[in-house]
């Protein structure tokens, strides 16, 4: 079980991320190219106006202070940490499959999926830390403390937030089904 360190910055969180990888037993091949970073579209690509919904045609919110009401801020926070929770959970669920891939290409595909899930979780934590103040930093930290409960029954920090992300993925048929049906969590 990893030792908890308080997150005050993205650098602190990155240290915890590496501890989380080690704690769950995921070591990525050195020869595999991957880059963990937060990727954002520019205003040039997406425009500066909100495109749909009740706030369509208003200026996009660039900071939490721009968001008009507390309930919207709270909802954005919850959507971000729930999404991040699913990203890290899927890596925890699938990690044991690295030991028994039926084919080299299956191993490659699993590793690519796991890398993308970790990068997506990284992105959510970047948003939490940079845009949601102390609440976001705490939620980003908790994303690396919780565990997929059936995959880590000894974990004392609690399971993942959504039930299907607590199930262990023990075989490749489960994995194929998971990637086809379960990993479409967009909005819980």
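In the working numbering, the protein residues as written are 26 to 213.
All C-beta atoms in this analysis are idealised placements derived from N, C-alpha and C, irrespective of residue type, glycine included.
How many Å lie between residue i and residue j at the Cα?
i, j, result
"residue 33", "residue 178", "29 Å"
"residue 67", "residue 155", "17 Å"
"residue 116", "residue 157", "25 Å"
"residue 132", "residue 50", "16 Å"
"residue 53", "residue 73", "38 Å"
"residue 128", "residue 55", "20 Å"
"residue 213", "residue 83", "Only weak support is given to the placement of residue 213: the predicted model assigns it a pLDDT of 44, under 50, and the question is left unresolved by the model."
"residue 161", "residue 171", "16 Å"
"residue 159", "residue 153", "9 Å"
"residue 26", "residue 80", "Below a pLDDT of 50, predicted positions are generally treated as unreliable, and residue 26, at 49, falls in that range; the measurement from the model is reported next regardless. The alpha-carbon atoms of residue 26 and residue 80 are separated by roughly 44 Å."
"residue 202", "residue 195", "12 Å"
"residue 148", "residue 199", "27 Å"
"residue 47", "residue 95", "37 Å"
"residue 109", "residue 145", "7 Å"
"residue 184", "residue 36", "25 Å"
"residue 91", "residue 181", "38 Å"
"residue 93", "residue 78", "14 Å"
"residue 186", "residue 71", "31 Å"
"residue 245", "residue 100", "Because the chain is modelled from 26 through 213, residue 245 falls outside the range shown and cannot be assessed."
"residue 126", "residue 188", "26 Å"
"residue 104", "residue 57", "31 Å"
"residue 102", "residue 42", "20 Å"
"residue 75", "residue 69", "14 Å"
Give the DSSP bridge partners of residue i, in chain order.
i, result
"residue 74", "84"
Considering only the alpha carbon of each residue, which of the options lies closest to residue i?
i, options, result
"residue 169", "45, 58, 31 and 37", "45"
"residue 166", "94, 151, 138 and 174", "151"
"residue 197", "123, 101, 189 and 35", "123"
"residue 88", "188, 98 and 135", "98"
"residue 61", "180, 139 and 204", "139"
"residue 136", "42, 59, 176 and 35", "59"
"residue 173", "43, 103, 121 and 71", "121"
"residue 38", "204, 164, 93 and 104", "164"
"residue 119", "106, 107 and 134", "134"
"residue 64", "130, 204, 30 and 141", "141"
Assuming residue i and residue j are in contact, meaning their beta carbons sit under 8 Å apart, how far apart are those beta carbons, in whole angstroms?
i, j, result
"residue 143", "residue 112", "7 Å"
"residue 114", "residue 190", "4 Å"
Alpha helix (DSSP H) runs contained entirely in the region 104-170, provided each spans 4 or more residues: 129-156 and 158-170
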